[in-house]
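S.K.: One structure, pasted below without further comment.
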Amino acid sequence: MVDVGPPGDPVSARSLVQFFVLTRIHLRQLLGREVRSAVAAAVLACSPAYAGSCNKVVTAAIQMRSGQVCWTYRGVATSFIGGFRGGQAVSAEMAGVATEYDPRSGGVDSVLRPRDPNVEGPGGFFFGAPQAPGLLTFVAPANGMYRFSFSPRAMWGAPGTVTICTHK
Numbered sequence: 007m008v009d010v011g012p013p014g015d016p017v018s019a020r021s022l023v024q025f026f027v028l029t030r031i032h033l034r035q036l037l038g039r040e041v042r043s044a045v046a047a048a049v050l051a052c053s054p055a056y057a058g059s060c061n062k063v064v065t066a067a068i069q070m071r072s073g074q075v076c077w078t079y080r081g082v083a084t085s086f087i088g089g090f091r092g093g094q095a096v097s098a099e100m101a102g103v104a105t106e107y108d109p110r111s112g113g114v115d116s117v118l119r120p121r122d123p124n125v126e127g128p129g130g131f132f133f134g135a136p137q138a139p140g141l142l143t144f145v146a147p148a149n150g151m152y153r154f155s156f157s158p159r160a161m162w163g164a165p166g167t168v169t170i171c172t173h174k
């Protein structure tokens, strides 16, 4: 994310406007209208006056129908909750929009990058060691509800894709 400085700083407002204009141009090539609108809302919500909202947890329920092995989500959620059986192999793959600043040119570009997934579950279970960029695979230790999230937090509020699959 672009460091926009303290609230009310006129340079910060200009940086935010430049960020939005440059980001919108690149996202138009990459994403659909709904996702671009979500990015615009996230950028405006993360302005200096509302900086606390950039860390807001947005939860999506993992809902797999009988026989379905994968669930895919597209949007700005930061947490994904669903039930799994003990002994069940589960994989989570995550990617999202990140903003990169080029200090040489002063330009800002939005790109798709892997997110680092992690998972919490029953009995204090936590696992966050991805097997590859954006990919986490584990065996559920017990029946119950599991909560997936990701880092870096700088990507919270930006659109992304999450695919969670179960394996035999």
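Under the numbering used here, the letters of the sequence shown match residues 7 to 174, in that order.
In this text, a Cβ means the ideal position worked out from N, Cα and C, and glycines have one as well.
1) Report the residue ranges of all beta strand (DSSP E) runs contained in full by the segment 61-132; include only those spanning at least 3 residues, in chain order.
2) Around the C-beta of S155, are 16 or more other C-beta atoms found within 10 angstroms, so that it is buried, or is it exposed?
3) Please report the Cβ distance between S153 and S85, rounded to the nearest whole angstrom; I am assuming they are in contact, meaning their Cβ atoms lie under 8 Å.
4) Where DSSP assigns a beta bridge to A138, which residues make up the other side?
5) Are the segment 135-151 and the segment 63-81 touching by the rule of at least three beta carbon pairs closer than 8 Å?
6) Which value, in whole angstroms, describes the spacing of the CA atoms of P123 and T169?
7) Tell me the DSSP bridge mates of G166?
8) Between S157 and chain C, is there a C-beta pair that is closer than 8 Å?
9) Alpha carbon to alpha carbon, what distance is there between Q74 and V125?
10) Between which two residues does the beta strand (DSSP E) containing R159 stretch?
11) Please report how far the alpha carbon of A67 lies from the alpha carbon of Q137, in whole angstroms.
12) With a 10 Å radius around its C-beta and 16 neighbouring C-beta atoms as the bar for buried, classify G92 as buried or exposed.
13) Quick check on the burial criterion: 16 or more other C-beta atoms within 10 angstroms. Buried or exposed for E106?
14) Applying the 10 Å Cβ sphere with the 16-neighbour rule, what's the burial state of V96?
15) Taking buried to mean at least 16 other C-beta atoms within 10 Å of its own C-beta, is F132 buried or exposed?
16) Measure the alpha-carbon distance for G130 versus V103 and round it to whole angstroms.
17) What do you get for M161, buried or exposed, if any count of 16 or more other CB atoms within 10 angstroms of its CB means buried?
M.R.: Quick look at the numbers:
1) 65-67, 76-81, 85-90, 95-108, 113-120 and 122-126
2) Counted from its first residue, the sequence shown places residue 155 at position 149. When all chains shown are included, S155 counts as buried.
3) Walking along the sequence shown from the start, residue 153 turns up at place 147. Walking along the sequence shown from the start, residue 85 turns up at place 79. Here residue 153 turns out to be Arg, not Ser, going by the sequence shown. 6 Å between Cβ atoms; contact.
4) Walking along the sequence shown from the start, residue 138 turns up at place 132. A138 pairs with L141.
5) no
6) As a first step, residue 123 is located in the sequence shown; it is residue number 117 there, counting from the start. As a first step, residue 169 is located in the sequence shown; it is residue number 163 there, counting from the start. Those two C-alpha atoms are separated by around 11 Å.
7) By 1-based counting over the sequence shown, the position of residue 166 is 160. For G166, which the question treats as bridged, DSSP gives the partners G81 and G102.
8) No chain C appears in this structure, which consists of one protein chain only.
9) If you number the sequence shown from 1, residue 125 lands on position 119. If you number the sequence shown from 1, residue 74 lands on position 68. Going by the C-alpha atoms only, they are around 21 Å apart.
10) Against the sequence shown, residue 159 aligns to sequence position 153. No beta strand (DSSP E) contains R159, which DSSP labels as neither H nor E.
11) Counted from its first residue, the sequence shown places residue 67 at position 61. Counted from its first residue, the sequence shown places residue 137 at position 131. Cα to Cα, A67 sits roughly 24 Å from Q137.
12) The residue you call residue 92 lines up with position 86 of the sequence shown. Flag for G92 reads exposed.
13) Taking the sequence shown and counting its residues from 1, one reaches residue 106 at position 100. Looking at its Cβ environment, which holds fewer than 16 other Cβ atoms inside 10 Å, E106 is exposed.
14) As a first step, residue 96 must be located in the sequence shown, where it is residue number 90. When all chains shown are included, V96 counts as buried.
15) Translated into the one-based positions of the sequence shown, residue 132 becomes position 126. Exposed, because fewer than 16 other Cβ atoms sit within 10 Å of the Cβ of F132.
16) Within the sequence shown, numbered from 1, the residue matching residue 130 stands at position 124. Within the sequence shown, numbered from 1, the residue matching residue 103 stands at position 97. G130 and V103: Cα-Cα distance of roughly 30 Å.
17) One-based indexing of the sequence shown puts residue 161 at position 155. By the neighbour-count rule (16 or more Cβ atoms within 10 Å), M161 is buried.
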